[in-house]
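Notes for the one structure printed next.
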Amino acid sequence: MSVKVYIDGQEGTTGLKIMERFEGRNDIEIIRISEEKRKDSAERARLINSSDFTFLCLPDSASREAVSFVNNDHVRIIDASTAHRTNPEWAYGFPELSPAFREKIRNSNRVAVPGCYASGFNSIVYPLVANNIIPDDFPVFAYATSGYSGAGKKAIAVYEGDEKPEEFNSPRQYALSQQHKHLPEMQKISGLKFKPMFNPMVCDYFSGMVVSVPIQTRLLDRKITPEQVHEMYQKHYEGAKLVEVMPLMSDDEQKAFFLASNTLSGLNKMQIFVFGNDEQILLCSRLDNLGKGASGAAVQCLNIMMGIDETTGLV
């Protein structure tokens, strides 16, 4: 038996990647909108209400509008925009963070898919706060490198065009005013009392990202070692199918290691790394911003809501 799925915004990067992850599945019936009616509100409303599940791959304002179209209690919404990620009435679509998150996804008609940067950040910081490694008022700083695929169609066209400006060959820092759109989500979901500082960089490769959080252990109220932090992550993510805590490296192994950001491009996995020493611990989360950071996470939530193996179509 198949379920009817409509993707509002099916021509965008996330929508197209969701479609790719449905290839070969016989339990999904895709409802398609004709090209000339993609922005027709009445037609979008009709298709949303004729679906079992609707994915919203839209700007925030269009996403809120689409939710207002729903007049059928049977329709379950999976929103990949920023619009509903901090709304307590919506389930947050990162099931590995806690059993409570997973259960809410399973039973909810409204699920907000995490942002890509926020996925990496929360995969690191949520367990730190939940397991009392850092207090909720700890001054957290994060930086990240990401492929250009998350920058939108216009930026992608520049990166892949014949007249790419020289500066696009270099990593480019942005959101320098400390008002990145993922910050409210990063703070709320992680459990921090105060907004973290965040320094993202877009780089000249297509997809994949690493989000990093450094911890100066002298700022903690008790001694914490990398071994203890690593053990905490192993316990926290025990049994997770799409999140892997990577082995702790020796000093010599760390010295010889380079952490690339595009290793998981095209995959739906996430990897957690613990580096450093007793004085300075560096925590890193590697993922594909289009996979576990977007479309892969959306499909994982759908699978959980359908009551099937959450990795269906993802591994």
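Throughout the sequence shown, residue numbering follows my numbering, covering 1428 to 1742 in sequence.
Note that the Cβ used here is the ideal one computed from N, Cα and C, for glycine as well.
Open item on the list: Taking the straight line between their C-alpha atoms, what separation do you get for V1640 and P1592?
Closed with: Position 213 of the sequence shown holds residue 1640. Position 165 of the sequence shown holds residue 1592. Approximately 31 Å, taken between the alpha carbons.
Task: the stretch 1584-1601 touching the stretch 1653-1671, judged by at least three CB pairs closer than 8 Å - done: no
TODO: Keeping to the same chain, check which residues put their C-beta closer than 8 Å to that of E1737; ignore five residues upstream and five downstream.
DONE: For the purposes of this step, residue 1737 is taken as the residue at position 310 of the sequence shown. Result list for E1737: P1522, K1668, L1669, Q1727, N1730, I1731, in chain order.
Open item on the list: Going by DSSP in three states, N1626 sits in which element: helix, strand or coil?
Closed with: By one-based count along the sequence shown, residue 1626 stands at place 199. N1626 falls in the strand class under three-state DSSP.
TODO: Given a cut-off of 9 Å, decide if S1478 and V1494 are closer than it, judged by their beta-carbon atoms.
DONE: Residue 1494 sits at position 67 when you count from the first residue of the sequence shown. Residue 1478 sits at position 51 when you count from the first residue of the sequence shown. It is not a contact, given that the beta carbons lie outside the stated cut-off.
TODO: Assign A1518 to one of three DSSP states: helix, strand, or coil.
DONE: Position 91 of the sequence shown, counted from the first residue, corresponds to residue 1518. Looking at A1518 - three-state DSSP - the assignment turns out to be strand.
TODO: Return the residue from the list I1616, F1449, N1514 that minimises the CA-CA distance to V1538.
DONE: Looking up residue 1538 in the sequence shown gives position 111. The residue with the shortest Cα to Cα distance from V1538 is N1514.
Task: Extent of the continuous beta strand (DSSP E) run through R1473 - done: In the sequence shown, the residue the question calls residue 1473 occupies position 46. Taken as a continuous stretch (DSSP letters only), R1473 belongs to no beta strand (DSSP E), being part of the alpha helix (DSSP H) at 1468-1476.
TODO: Since I believe S1688 is in contact with T1572 (beta carbons under 8 Å), could you give me their beta-carbon distance rounded to a whole number of angstroms?
DONE: Here the question's residue 1572 lines up with position 145 in the sequence shown. Here the question's residue 1688 lines up with position 261 in the sequence shown. So it is a contact: roughly 5 Å between Cβ atoms.
- [ ] With distances taken Cα to Cα, identify the nearest neighbour of P1486 among E1470, K1466, V1497, D1500.
- [x] Translated into the one-based positions of the sequence shown, residue 1486 becomes position 59. For P1486, the nearest C-alpha among the options comes from K1466.
- [ ] Would you decide whether L1603 is buried or exposed? Buried here means 16 or more other CB atoms lie within 10 Å of its CB.
- [x] Residue mapping note: residue 1603 aligns to position 176 of the sequence shown, counting from 1. By the neighbour-count rule (16 or more Cβ atoms within 10 Å), L1603 is not buried but exposed.
- [ ] Assign S1461 to one of two classes, buried (16 or more other C-beta atoms within 10 Å of its C-beta) or exposed (fewer than that).
- [x] Your numbering for residue 1461 matches position 34 in the sequence shown. Classification for S1461: exposed.
TODO: Scan the stretch 1483-1543 and note each continuous alpha helix (DSSP H) run of 4 residues or more that stays entirely inside, going in chain order.
DONE: 1487-1495, 1526-1534
- [ ] Might you give, ordered along the chain, the residues of its own chain that have their beta carbon closer than 7 Å to the beta carbon of I1583, omitting 5 neighbours on each side?
- [x] Here residue 1583 refers to the residue found at position 156 of the sequence shown. Answer for I1583: Y1575, S1576, listed in chain order.
Task: DSSP three-state assignment for A1602, whether helix, strand or coil - done: The count along the sequence shown starts at 1 and reaches residue 1602 at position 175. It is coil, neither helix nor strand.
Open item on the list: Let me make sure I understand the geometry here. Which of T1441, K1620, M1624, N1476 has the alpha-carbon closest to that of A1557?
Closed with: The residue labelled residue 1557 in the question sits at position 130 within the sequence shown. Among T1441, K1620, M1624, N1476, the Cα nearest to that of A1557 belongs to K1620.
- [ ] Can you give me the Cβ contacts of Y1586 inside the same chain, cut-off strictly under 7 Å, excluding the 5 residues immediately before and after it?
- [x] The count along the sequence shown starts at 1 and reaches residue 1586 at position 159. Same-chain partners within the cutoff: Y1575, F1595, D1631.
Open item on the list: When you compare the CB positions of Q1698 and S1712, do they come within less than 9 Å of one another, or not?
Closed with: In the sequence shown, the residue the question calls residue 1698 occupies position 271. In the sequence shown, the residue the question calls residue 1712 occupies position 285. In contact: Q1698 and S1712 (Cβ atoms closer than 9 Å).
Open item on the list: For I1560, tell me which candidate among R1512, S1617, V1540 has the shortest Cα-Cα distance.
Closed with: Reading the sequence shown from its first residue, position 133 is the one you call residue 1560. Nearest C-alpha to I1560: S1617.
Open item on the list: Measuring alpha carbon to alpha carbon, tell me which residue in D1506, I1551, D1500, A1507 is nearest S1525.
Closed with: Counting from 1 along the sequence shown, the entry for residue 1525 is found at position 98. Considering only alpha carbons, the answer is I1551.
Task: Proximal residues to G1718 (C-beta, below 6 Å), its chain only, five neighbours per side dropped - done: For the purposes of this step, residue 1718 is taken as residue 291 along the sequence shown, with counting starting at 1. Around G1718: L1694, N1695.
Open item on the list: If you reduce the DSSP assignment to three classes, tell me which class T1572 lands in.
Closed with: Locating residue 1572 in the sequence shown gives position 145, counting from the first residue. Reduced to three states, the DSSP call for T1572 is strand.
- [ ] In the DSSP assignment, find the unbroken alpha helix (DSSP H) run with L1729 in it and report its ends.
- [x] Against the sequence shown, residue 1729 aligns to sequence position 302. Per DSSP, L1729 belongs to the alpha helix (DSSP H) from 1723-1733.
Open item on the list: Just verifying my parser: in three-state terms, what is the DSSP assignment at D1435?
Closed with: To locate residue 1435, count along the sequence shown from 1; it is residue 8. Three-state result, D1435: strand.
Open item on the list: Let me check one thing: in DSSP terms, what residues is P1641 bridge-paired to?
Closed with: Sequence index remark: in the sequence shown, residue 1641 carries index 214 (1-based). P1641 pairs with L1709.
Open item on the list: Contact defined as beta carbons within less than 8 Å: I believe P1554 pairs with Y1660. What is the distance between those atoms, to the nearest angstrom?
Closed with: Locating residue 1554 in the sequence shown gives position 127, where the first residue counts as 1. Locating residue 1660 in the sequence shown gives position 233, where the first residue counts as 1. Their Cβ separation, rounded to whole angstroms, is 6 Å, which keeps P1554 and Y1660 in contact under 8 Å.
TODO: Evaluate A1683 with the Cβ neighbour count: other Cβ atoms within 10 Å of its Cβ, from every protein chain shown; 16 or more gives buried, anything less gives exposed.
DONE: Taking the first residue of the sequence shown as position 1, residue 1683 is located at position 256. A1683 is exposed by the Cβ-count criterion.
Task: Which of helix, strand or coil DSSP assigns to F1684 - done: By one-based count along the sequence shown, residue 1684 stands at place 257. DSSP places F1684 in coil when its eight states are reduced to three.
Task: Check whether I1505 and T1481 have beta carbons under 9 Å apart - done: For the purposes of this step, residue 1505 is taken as the residue at position 78 of the sequence shown. For the purposes of this step, residue 1481 is taken as the residue at position 54 of the sequence shown. Yes, they are a contact pair.
Task: Pairwise C-alpha distance: I1458 and P1627 - done: Against the sequence shown, residue 1627 aligns to sequence position 200. Against the sequence shown, residue 1458 aligns to sequence position 31. Their Cα atoms are separated by approximately 36 Å.
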